[in-house]
Amino acid sequence: MTLTATLTKPQPRTAKGSPRLERGLLLFPLPVLLLVFYVLPFLGVVGWSFSLPEPGIEQYQRIASDPAIHEMLWRTMRLCLTVSGLALLIGYLLAYCWVFSPPFWQRVVEICIFIPFWISVLVRAFGWLIALRSNGVLNEGLLGLGLIDHPLQLSRNEIGVVIGMLHVMIPYAVFPLLSSMRQLDQRVLMASRGLGAGALRTFWQVLLPQTLPGLLGAFIMVFVFCLGFFITPVLLGGGQTVMIAEYVFLQMFQTSNWGLGAALSVVLLALVSALIWVLMRITRVNRLVG
Amino acid sequence: MSSSSAIQLSAQGISQYYGKFAALDNVNLDVRQGEFLTLLGPSGSGKTTLLMILAGFLNPTAGKLMENGVDIIKRSAEKRNYGMVFQGYALFPHMSVADNVAYPLRIRKVGAEERQRRVKHILEVVGLGAHMHKKPSELSGGQQQRVAIARALVFEPELLLLDEPLSALDKNLREQLQTELQRIHRQVGTSFVFVTHDQGEALALSSRIAIFNQGRLAQVDTPETIYNQPDSRFVAEFLGKMNLFPLADVMRNGSHASGRCADSQLHALAPMPLGAQPVVLAVRPEHMDLHRERPILEGHNVIPAQLTDKVYQGASTHLALKVGGDTLPINLSVPGNHPGAQMNSGAPVWLSWPVQQSFLLQA
Numbered sequence: 013m014t015l016t017a018t019l020t021k022p023q024p025r026t027a028k029g030s031p032r033l034e035r036g037l038l039l040f041p042l043p044v045l046l047l048v049f050y051v052l053p054f055l056g057v058v059g060w061s062f063s064l065p066e067p068g069i070e071q072y073q074r075i076a077s078d079p080a081i082h083e084m085l086w087r088t089m090r091l092c093l094t095v096s097g098l099a100l101l102i103g104y105l106l107a108y109c110w111v112f113s114p115p116f117w118q119r120v121v122e123i124c125i126f127i128p129f130w131i132s133v134l135v136r137a138f139g140w141l142i143a144l145r146s147n148g149v150l151n152e153g154l155l156g157l158g159l160i161d162h163p164l165q166l167s168r169n170e171i172g173v174v175i176g177m178l179h180v181m182i183p184y185a186v187f188p189l190l191s192s193m194r195q196l197d198q199r200v201l202m203a204s205r206g207l208g209a210g211a212l213r214t215f216w217q218v219l220l221p222q223t224l225p226g227l228l229g230a231f232i233m234v235f236v237f238c239l240g241f242f243i244t245p246v247l248l249g250g251g252q253t254v255m256i257a258e259y260v261f262l263q264m265f266q267t268s269n270w271g272l273g274a275a276l277s278v279v280l281l282a283l284v285s286a287l288i289w290v291l292m293r294i295t296r297v298n299r300l301v302g
Numbered sequence: 024m025s026s027s028s029a030i031q032l033s034a035q036g037i038s039q040y041y042g043k044f045a046a047l048d049n050v051n052l053d054v055r056q057g058e059f060l061t062l063l064g065p066s067g068s069g070k071t072t073l074l075m076i077l078a079g080f081l082n083p084t085a086g087k088l089m090e091n092g093v094d095i096i097k098r099s100a101e102k103r104n105y106g107m108v109f110q111g112y113a114l115f116p117h118m119s120v121a122d123n124v125a126y127p128l129r130i131r132k133v134g135a136e137e138r139q140r141r142v143k144h145i146l147e148v149v150g151l152g153a154h155m156h157k158k159p160s161e162l163s164g165g166q167q168q169r170v171a172i173a174r175a176l177v178f179e180p181e182l183l184l185l186d187e188p189l190s191a192l193d194k195n196l197r198e199q200l201q202t203e204l205q206r207i208h209r210q211v212g213t214s215f216v217f218v219t220h221d222q223g224e225a226l227a228l229s230s231r232i233a234i235f236n237q238g239r240l241a242q243v244d245t246p247e248t249i250y251n252q253p254d255s256r257f258v259a260e261f262l263g264k265m266n267l268f269p270l271a272d273v274m275r276n277g278s279h280a281s282g283r284c285a286d287s288q289l290h291a292l293a294p295m296p297l298g299a300q301p302v303v304l305a306v307r308p309e310h311m312d313l314h315r316e317r318p319i320l321e322g323h324n325v326i327p328a329q330l331t332d333k334v335y336q337g338a339s340t341h342l343a344l345k346v347g348g349d350t351l352p353i354n355l356s357v358p359g360n361h362p363g364a365q366m367n368s369g370a371p372v373w374l375s376w377p378v379q380q381s382f383l384l385q386a
């Protein structure tokens, strides 16, 4: 993932006096790798977007005017924002438990986050499909218990996609939050209580402001990953909830409209870059203030 | 502070167990109105645990905390109205100095005008009037600690609890802040409960010192009494320096007792009856004197010793000696111009000190 490179904080220089040349030699494979395997091919994609099927800006005009594309873009945004919001909420609670619980519960949270994290996205999408489909485990169970009389529509729609994506994204929300909570001096929370603040006030005025950079970091991670989701919406959406990645895939490999697929890829990259730029500005300001 | 002051808070039978380990074992301790009470002890002695219990951050295994006749042990920290200064300051990094100090006032819904007035006043008391709008990260360690003290005092708490507030500061700053703390204590009149492992700090600041050892309260008294009349060997050795001579064949004679140590007969005050256990004779190094020849002195103990080591310390020289030919180590300091400071290791010397300054402790 190229984005992680931009997201990681600059490391403090441990070896201050180390020669510039040595550092340059050690670092240079990275930009070369990015240039050869990412920037150059992507320039090719940009080239297609202006040249296929014939030279011009026709594909971009279509993106700007086609209501079907607008609906798809809007759906992508809506799903990504929903998943990001829920992932941040759940991730915040999990990170809090991970940092502040007694050791036993810390281990429990750790295991609950890591084990799914190690299982392939594809396997998890199929797992959710089995659990959520009309004759799946969940619906059969609820029917058997007599709690519902006809199966709930939990897959082949946005609900299924949100559940599936959320499951994948939660760890990505937890990790940045975890590091910002670990950096927090826990005595600050005690100090707040000692000065007379209740739990809610301590959360709003002490914990939340100090973990805001972590929240923003988590949001960038989750939202950007969501934009590129492919397998999960394909399987759990069942063709009903096509997001941008699937749309690009369909344009390129099913309708053979490589120009439109390429143009959409360019738009996606531009959006992601703009978003990261804006949020990085906010976090930097926030760090200065905080 | 006079010992007749009213009792403000009374810890009764406080015990804190972690499994079978007793961090605190049946501690009884009163905090008197307006006093500067220091909880002193080595690390792991339970002093910080007791402070956390007083603050309400820790619920002890057993015991009561009586305030005005009410047991407040179950009352949560935010409802106790005590100020607390943490080791490492625990300031809110995202708020300015003024906002940090105003925080407890906002919680108590103090009006904006009154709030500003009190924040300004307390910051002037701690000498930070000019730094109100800075962020804590822009201040030095000592200044941050003053902000923490101001924040803990601004709402006029009934009690100020301080957890090793000076331990993170360098020596000069620490001494400066000690003086500051004393002045602030006089100025605001609130009772202070102060935790430290630094005996110098405890002696300099406290109206009373409570000494902790392995979860138990060893002795509580004024610094002078604890220093001059420690009632256990632990307290004697922990607070200040103490030379100890094991005594054999102890005999009691009125208010005095005597015993044998390495072929010398030593005498000491013994106002209290002696137990059956072995006893040691204790004397502070500053009461001891060093001679080349055997001195003839009335009312003094005299014992031969041998110089083993000396450490030059500028104004004084620290001498290490041994008594009785083998193991018993004795330490004392002499002025730089004392003949003892010029002697070589291995030199035979005589030690003397007044019987009045000798007392007996359980070994």
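Keeping their order, the protein sequence lines are chains F and Z.
My numbering applies: residue 13 is where the first sequence begins, and numbers increase by one.
My numbering applies: residue 24 is where the second sequence begins, and numbers increase by one.
We treat Cβ as the ideally placed atom computed from N, Cα and C, and that holds for glycine.
Item: What are the boundary residues of the alpha helix (DSSP H) that includes Leu178 of chain F?; Value: Glu170 to Gln195
Item: Assuming Leu190 of chain F contacts Ala99 of chain F under a Cβ cut-off of 8 Å, what Cβ separation, rounded to an integer in Å, is found between them?; Value: Rounded, the Cβ-Cβ distance is 14 Å, inconsistent with contact.
Item: Is any heavy atom of the ligand HEM found at a distance shorter than 7 Å from the C-beta of Ile95 of chain Z?; Value: The model depicted lacks the ligand HEM and carries no ligand whatsoever.
Item: With Val218 of chain Z and Leu74 of chain Z assumed to form a contact (beta carbons below 8 Å), what rounded beta-carbon distance in angstroms separates them?; Value: 5 Å
Item: DSSP on Met292 of chain F, reduced to helix/strand/coil?; Value: helix
Item: Whose C-alpha, out of Z:Gln35, Z:Gly223, Z:Phe178 and Z:Asn367, is nearest the C-alpha of Ile96 of chain Z?; Value: Z:Gln35
Item: Taking the continuous beta strand (DSSP E) assigned at Met255 of chain F, which residues delimit it?; Value: Premise fails: Met255 of chain F is in no beta strand (DSSP E) and is neither H nor E.
Item: In terms of residues, what are the limits of the beta strand (DSSP E) holding Ser77 of chain F?; Value: Careful: Ser77 of chain F lies outside any beta strand (DSSP E), inside the alpha helix (DSSP H) at Glu70 to Ser77.
Item: Report all residues from its chain with a CB closer than 7 Å to the CB of Thr244 of chain F; omit the five preceding and five following residues, and keep chain order.; Value: Val133, Ala137, Val173, Gly176, Met177 and Val180
Item: Residues of chain F with CB under 9 Å from Met107 of chain Z, in chain order?; Value: Met202, Ala203, Gly206 and Leu207
Item: Less than 8 Å between CB atoms is the rule here; does His117 of chain Z satisfy it with respect to chain F?; Value: yes
Item: Can you tell me which of the three DSSP states Val258 of chain Z falls into?; Value: helix
Item: For the region 161–187 of chain F, list every residue whose C-beta sits within 7 Å of some C-beta in chain Z, in sequence order.; Value: none
Item: Taking all protein chains shown into account, do 16 or more other C-beta atoms lie within 10 angstroms of the C-beta of His82 of chain F, making it buried, or fewer, making it exposed?; Value: exposed
Item: Check the Cβ-Cβ distances between Gln118 of chain F and every residue of chain Z, and say whether any is below 8 Å.; Value: no
Item: Can you list the alpha helix (DSSP H) stretches of 4 or more residues lying completely in the region 142–226 of chain Z, in chain order?; Value: 164–176 and 194–211
Item: Leu351 of chain Z and Leu304 of chain Z look like a contact to me (Cβ under 8 Å); what is the Cβ gap, rounded to whole Å?; Value: No, Leu351 of chain Z and Leu304 of chain Z are not in contact; Cβ-Cβ is about 11 Å, not under 8 Å.
Item: Mind reading off the beta-carbon distance from Gly238 of chain Z to Ser28 of chain Z? Whole number of angstroms is fine, and I expect it under 8 Å.; Value: Contact doesn't hold; Cβ gap of about 27 Å is too wide.
Item: Answer yes or no: does any C-beta atom of chain F fall closer than 8 Å to that of Tyr41 of chain Z?; Value: no
Item: Under the rule that 16 or more other beta-carbon atoms within 10 Å means buried, what is Leu38 of chain F, buried or exposed?; Value: exposed
Item: Quick one: is Gly134 of chain Z near chain F, going by C-beta distance under 8 Å?; Value: no
Item: Any beta-carbon of chain F closer than 8 Å to the one on Pro65 of chain Z?; Value: no
Item: Can the beta-carbon of His323 of chain Z be found less than 8 Å from the beta-carbon of Val372 of chain Z?; Value: no
Item: Only counting the same chain, and skipping five residues up and downstream in sequence, which positions put a Cβ closer than 6 Å to that of Pro327 of chain Z?; Value: Trp373
Item: Apart from the five residues just before and just after Pro163 of chain F, which ones in its own chain have a Cβ nearer than 6 Å to its Cβ?; Value: Ser146 and Asn151
Item: In angstroms with no decimal places, state the Cα-to-Cα distance between Gln266 of chain F and Glu258 of chain F.; Value: 11 Å
Item: Go ahead and pull the three-state DSSP assignment for Gly282 of chain Z.; Value: strand
Item: For Gly164 of chain Z, go through chain F and note every residue whose CB falls closer than 8 Å to its CB, in chain order.; Value: Simply none; closest approach about 14 Å.
Item: Which bits of chain Z does Gly210 of chain F rub up against, with CB to CB less than 7 Å?; Value: Glu101
Item: Check the Cβ-Cβ distances between Gln195 of chain F and every residue of chain Z, and say whether any is below 8 Å.; Value: no
Item: For the 8 Å Cβ check, are there 3 or more pairs between the region 120–138 of chain Z and the region 192–206 of chain Z?; Value: no
Item: Let me know the secondary structure DSSP gives Thr61 of chain Z once reduced to three states.; Value: strand
Item: Residues of the region 209–241 of chain F in Cβ contact with chain Z at a cutoff of 7 Å, in chain order, please.; Value: Ala209, Gly210, Arg213, Val218, Pro221 and Gln222
Item: Please say whether Leu77 of chain Z and Leu184 of chain Z have beta carbons closer to each other than 8 Å?; Value: yes
Item: Whole angstroms is fine: what's the gap from Thr214 of chain F's alpha carbon to Ser61 of chain F's?; Value: 52 Å
Item: Excluding sequence positions up to five away, which residues of its chain have a Cβ less than 7 Å from the Cβ of Gln252 of chain F?; Value: Arg168 and Asn169
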